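Data block below; observations after.
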Amino acid sequence: MGLATLALALCWGCPPPPDLNANKSNSNQANANQPSGNQPGGSTSRQPSASGDVRFQAPAAWASEPSTSSMRVAQYRLPRAEGDAEDASLIVYYFGQGQGGSAQANLDRWIGQMQQPDGGSSKDKARTEKMTVNGLDVTLLDVSGTYTAEMTPGSGNQQNKPGSRMRAAVIETPKGAYFVKLVGLEKTIARWDGEFLSFIKSFEHK
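With positions in the sequence shown counted from 1, the corresponding number in my numbering is that position plus 694.
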(Lines of atoms letter the chains of each structure in order from A and count residues from 1; the text may use other names and numbers.)
(Lines give C-alpha, C1' and ligand atoms only; values in the text may rest on other atoms or scores of the structure.)
Protein backbone atom coordinates (compact mmCIF):
# COMPACT_ATOMS: atom_id res chain seq x y z
CA MET A 1 0.00 0.00 0.00
CA GLY A 2 1.46 3.37 -1.00
CA LEU A 3 1.91 6.40 1.20
CA ALA A 4 -0.95 8.26 -0.51
CA THR A 5 -3.35 5.35 -0.02
CA LEU A 6 -2.36 5.01 3.63
CA ALA A 7 -2.92 8.69 4.24
CA LEU A 8 -6.48 8.53 2.90
CA ALA A 9 -7.27 5.80 5.42
CA LEU A 10 -6.31 7.93 8.43
CA CYS A 11 -8.87 7.53 11.17
CA TRP A 12 -11.23 10.14 12.51
CA GLY A 13 -11.31 8.60 15.97
CA CYS A 14 -7.68 9.28 16.91
CA PRO A 15 -7.15 11.91 19.65
CA PRO A 16 -7.42 15.34 18.00
CA PRO A 17 -4.55 17.81 18.18
CA PRO A 18 -5.10 21.07 20.04
CA ASP A 19 -7.10 23.90 18.49
CA LEU A 20 -5.30 26.84 16.92
CA ASN A 21 -6.64 29.37 19.38
CA ALA A 22 -3.89 31.80 18.50
CA ASN A 23 -5.19 32.32 14.98
CA LYS A 24 -7.13 35.49 14.31
CA SER A 25 -10.73 34.97 13.26
CA ASN A 26 -10.38 37.48 10.43
CA SER A 27 -7.36 35.81 8.89
CA ASN A 28 -7.86 35.17 5.18
CA GLN A 29 -4.71 33.15 4.50
CA ALA A 30 -3.34 29.84 5.76
CA ASN A 31 -0.41 27.73 4.75
CA ALA A 32 -0.81 24.14 3.59
CA ASN A 33 0.19 22.53 6.87
CA GLN A 34 -1.58 24.85 9.31
CA PRO A 35 -4.87 26.28 8.07
CA SER A 36 -6.27 29.42 9.62
CA GLY A 37 -8.55 29.00 12.61
CA ASN A 38 -12.30 28.90 12.14
CA GLN A 39 -13.46 28.80 15.71
CA PRO A 40 -17.16 28.62 16.61
CA GLY A 41 -18.64 32.06 16.26
CA GLY A 42 -15.73 33.31 14.15
CA SER A 43 -15.65 34.42 10.54
CA THR A 44 -15.18 32.20 7.52
CA SER A 45 -11.99 32.43 5.51
CA ARG A 46 -11.08 31.47 1.99
CA GLN A 47 -8.01 29.29 2.27
CA PRO A 48 -5.30 28.45 -0.27
CA SER A 49 -4.51 24.83 -1.02
CA ALA A 50 -1.13 23.11 -0.86
CA SER A 51 -0.53 23.99 -4.51
CA GLY A 52 -1.71 27.56 -3.96
CA ASP A 53 -4.26 27.58 -6.77
CA VAL A 54 -7.35 25.98 -5.21
CA ARG A 55 -9.34 27.83 -2.57
CA PHE A 56 -12.27 26.88 -0.36
CA GLN A 57 -14.31 28.38 2.44
CA ALA A 58 -15.17 26.57 5.67
CA PRO A 59 -18.12 27.42 7.93
CA ALA A 60 -17.30 29.57 10.94
CA ALA A 61 -18.54 26.92 13.39
CA TRP A 62 -15.97 24.35 12.25
CA ALA A 63 -12.88 24.40 14.47
CA SER A 64 -9.70 24.40 12.40
CA GLU A 65 -6.98 22.07 13.65
CA PRO A 66 -3.27 21.86 12.87
CA SER A 67 -2.60 19.37 10.09
CA THR A 68 -0.75 16.24 11.20
CA SER A 69 0.62 15.44 7.73
CA SER A 70 2.04 17.41 4.80
CA MET A 71 -0.60 15.71 2.64
CA ARG A 72 -3.41 17.24 4.69
CA VAL A 73 -4.34 20.60 3.23
CA ALA A 74 -6.76 21.28 6.08
CA GLN A 75 -8.59 19.51 8.86
CA TYR A 76 -11.57 20.53 10.96
CA ARG A 77 -13.46 19.36 14.01
CA LEU A 78 -17.25 19.62 13.66
CA PRO A 79 -19.07 19.98 17.00
CA ARG A 80 -21.21 17.02 17.95
CA ALA A 81 -24.98 17.06 17.82
CA GLU A 82 -26.95 16.61 21.03
CA GLY A 83 -27.00 12.93 21.93
CA ASP A 84 -23.79 12.04 20.09
CA ALA A 85 -20.69 11.16 22.08
CA GLU A 86 -18.05 12.57 19.73
CA ASP A 87 -17.32 15.43 17.38
CA ALA A 88 -16.96 14.66 13.69
CA SER A 89 -13.78 15.12 11.69
CA LEU A 90 -13.27 16.50 8.18
CA ILE A 91 -9.94 16.30 6.37
CA VAL A 92 -8.90 17.67 2.98
CA TYR A 93 -6.08 15.73 1.29
CA TYR A 94 -3.92 16.69 -1.69
CA PHE A 95 -1.05 14.50 -2.94
CA GLY A 96 -0.04 16.25 -6.13
CA GLN A 97 -0.87 15.96 -9.79
CA GLY A 98 -1.56 12.37 -10.83
CA GLN A 99 -1.29 11.14 -7.24
CA GLY A 100 -3.81 9.69 -4.78
CA GLY A 101 -5.55 7.22 -7.09
CA SER A 102 -8.68 7.47 -9.18
CA ALA A 103 -12.01 8.76 -7.95
CA GLN A 104 -13.54 5.28 -8.16
CA ALA A 105 -10.67 3.63 -6.30
CA ASN A 106 -11.10 6.07 -3.43
CA LEU A 107 -14.87 5.68 -3.39
CA ASP A 108 -14.50 1.89 -3.23
CA ARG A 109 -11.98 2.11 -0.38
CA TRP A 110 -14.13 4.53 1.62
CA ILE A 111 -17.23 2.38 1.12
CA GLY A 112 -15.19 -0.61 2.30
CA GLN A 113 -14.56 1.16 5.61
CA MET A 114 -18.26 0.91 6.45
CA GLN A 115 -19.92 -2.36 7.46
CA GLN A 116 -23.66 -2.94 7.58
CA PRO A 117 -25.28 -4.26 10.79
CA ASP A 118 -27.25 -6.82 8.79
CA GLY A 119 -24.15 -8.02 6.94
CA GLY A 120 -25.36 -6.51 3.68
CA SER A 121 -23.30 -4.75 1.06
CA SER A 122 -22.30 -1.18 1.86
CA LYS A 123 -21.72 -0.63 -1.85
CA ASP A 124 -25.38 -1.38 -2.52
CA LYS A 125 -26.46 1.15 0.11
CA ALA A 126 -23.93 3.87 -0.67
CA ARG A 127 -25.13 6.89 -2.62
CA THR A 128 -22.89 8.65 -5.11
CA GLU A 129 -23.51 11.81 -7.07
CA LYS A 130 -21.61 13.72 -9.72
CA MET A 131 -21.73 17.48 -10.02
CA THR A 132 -19.74 20.39 -11.39
CA VAL A 133 -18.49 23.07 -9.01
CA ASN A 134 -16.95 26.22 -10.45
CA GLY A 135 -15.88 24.23 -13.50
CA LEU A 136 -14.45 21.33 -11.45
CA ASP A 137 -15.75 17.76 -11.67
CA VAL A 138 -16.87 16.49 -8.26
CA THR A 139 -17.95 13.02 -7.14
CA LEU A 140 -19.82 12.85 -3.81
CA LEU A 141 -20.28 9.85 -1.50
CA ASP A 142 -22.79 9.27 1.30
CA VAL A 143 -22.66 5.97 3.21
CA SER A 144 -23.67 4.92 6.72
CA GLY A 145 -22.91 1.91 8.91
CA THR A 146 -20.23 0.78 11.34
CA TYR A 147 -16.99 2.63 10.72
CA THR A 148 -14.09 0.15 10.61
CA ALA A 149 -11.09 2.03 9.17
CA GLU A 150 -7.71 1.30 10.72
CA MET A 151 -6.87 3.39 13.77
CA THR A 152 -3.37 3.87 12.38
CA PRO A 153 -2.55 2.99 8.76
CA GLY A 154 -0.91 -0.42 8.58
CA SER A 155 -1.52 -1.23 12.25
CA GLY A 156 -4.26 -3.78 11.66
CA ASN A 157 -6.19 -2.30 14.60
CA GLN A 158 -9.58 -1.22 13.36
CA GLN A 159 -12.23 1.20 14.53
CA ASN A 160 -15.58 -0.22 15.58
CA LYS A 161 -18.02 2.68 15.59
CA PRO A 162 -21.63 1.71 14.84
CA GLY A 163 -24.09 4.40 13.88
CA SER A 164 -21.53 6.29 11.79
CA ARG A 165 -21.92 8.15 8.54
CA MET A 166 -19.37 9.25 5.96
CA ARG A 167 -19.68 12.14 3.54
CA ALA A 168 -16.79 12.35 1.11
CA ALA A 169 -15.85 13.98 -2.16
CA VAL A 170 -13.25 13.75 -4.92
CA ILE A 171 -12.68 17.16 -6.50
CA GLU A 172 -10.74 17.01 -9.75
CA THR A 173 -8.61 20.03 -10.65
CA PRO A 174 -6.09 20.75 -13.44
CA LYS A 175 -3.30 20.05 -10.93
CA GLY A 176 -4.67 16.86 -9.42
CA ALA A 177 -7.54 15.67 -7.26
CA TYR A 178 -8.46 16.88 -3.80
CA PHE A 179 -10.00 14.32 -1.45
CA VAL A 180 -12.43 15.41 1.25
CA LYS A 181 -13.49 12.94 3.95
CA LEU A 182 -16.02 13.72 6.69
CA VAL A 183 -16.77 11.00 9.25
CA GLY A 184 -18.82 11.09 12.43
CA LEU A 185 -21.88 9.78 14.19
CA GLU A 186 -25.11 10.02 12.23
CA LYS A 187 -26.83 12.84 14.12
CA THR A 188 -23.74 15.02 13.90
CA ILE A 189 -23.25 14.41 10.18
CA ALA A 190 -26.94 15.13 9.56
CA ARG A 191 -26.56 18.39 11.48
CA TRP A 192 -23.71 19.53 9.23
CA ASP A 193 -24.83 18.02 5.92
CA GLY A 194 -25.92 21.34 4.39
CA GLU A 195 -22.69 23.04 5.45
CA PHE A 196 -20.69 20.13 4.02
CA LEU A 197 -22.29 20.66 0.63
CA SER A 198 -21.69 24.41 0.83
CA PHE A 199 -18.05 23.70 1.68
CA ILE A 200 -17.66 21.47 -1.38
CA LYS A 201 -19.34 24.08 -3.59
CA SER A 202 -16.88 26.72 -2.37
CA PHE A 203 -13.92 25.00 -4.05
CA GLU A 204 -12.51 26.99 -6.93
CA HIS A 205 -9.39 26.80 -9.07
CA LYS A 206 -7.48 30.02 -9.68
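Every residue, glycine too, gets a C-beta built ideally from N, C-alpha and C.
For clarity, every value in this text was computed on a predicted model and none was experimentally measured.
| Ordered along the chain, which non-local residues of its own chain (more than five positions away) have a Cβ less than 6 Å from that of residue 898? | Position 204 of the sequence shown holds residue 898. So the list reads 749, 828, once near-sequence residues are dropped.
| query | Between the stretch 800-818 and the stretch 852-864, do three or more beta carbon pairs fall short of 8 Å? | reply | yes
| request: Could you tell me which of 886, 896, 860 sits nearest to residue 802, measuring between CA atoms? | output: Start at 1 with the first residue of the sequence shown, and residue 802 comes out as number 108. When only C-alpha atoms are compared, the closest one is 860.
| query | Roughly how many angstroms lie between the CA atoms of residue 716 and residue 760, to the nearest whole one? | reply | Here residue 716 is taken as the residue at index 22 of the sequence shown, counted from 1. Here residue 760 is taken as the residue at index 66 of the sequence shown, counted from 1. With a pLDDT of only 36 at residue 716, under 50, the local geometry of the prediction cannot be trusted, and the value read off the model is given with reservation. If I take the Cα positions, the gap works out to 11 Å.
| query | Are there 16 or more other CB atoms within 10 angstroms of the CB of residue 878, so buried, or fewer, so exposed? | reply | Counting from one through the sequence shown, the residue named residue 878 turns up at place 184. Result: buried.
| task | Apply the 10 Å Cβ neighbour rule to residue 862 and answer buried if 16 or more other Cβ atoms are within range, or exposed otherwise. | result | Here residue 862 is taken as the residue at index 168 of the sequence shown, counted from 1. Residue 862 comes out buried.
| said: Nearer than 8 Å: is that true of the beta carbon of residue 764 relative to any heavy atom of the ligand NAD? | reply: As for the ligand NAD, it is missing from this structure, which has no ligand bound.
| request: Return helix, strand or coil for residue 808, following the three-state DSSP convention. | output: Start at 1 with the first residue of the sequence shown, and residue 808 comes out as number 114. The answer is strand: DSSP assigns residue 808 an E or B state.
| From this set, 813, 777, 764, which residue's C-alpha is nearest residue 840's C-alpha? | As a first step, residue 840 is located in the sequence shown; it is residue number 146 there, counting from the start. The shortest Cα separation from residue 840 among 813, 777, 764 belongs to 813.
| query | Just to confirm, are residue 824 and residue 805 a CB contact at a threshold of 9 Å? | reply | The sequence position of residue 824 within the sequence shown is 130, counting from 1. The sequence position of residue 805 within the sequence shown is 111, counting from 1. No, the Cβ-Cβ distance between residue 824 and residue 805 is not below 9 Å.
| Separation of residue 770 from residue 756, as counted between CA atoms | Your numbering for residue 756 matches position 62 in the sequence shown. Your numbering for residue 770 matches position 76 in the sequence shown. Roughly 6 Å between the two C-alpha positions.
| query | So which of 890, 776, 768 has the shortest CA-CA distance to residue 881? | reply | On the sequence shown, position 187 is the one that residue 881 refers to. Residue 776 is the option with its Cα nearest to residue 881.
| query | So the beta strand (DSSP E) residue 647 belongs to, where does it begin and stop? | reply | With the chain covering 695 to 900 only, the question about residue 647 has no answer from this structure.
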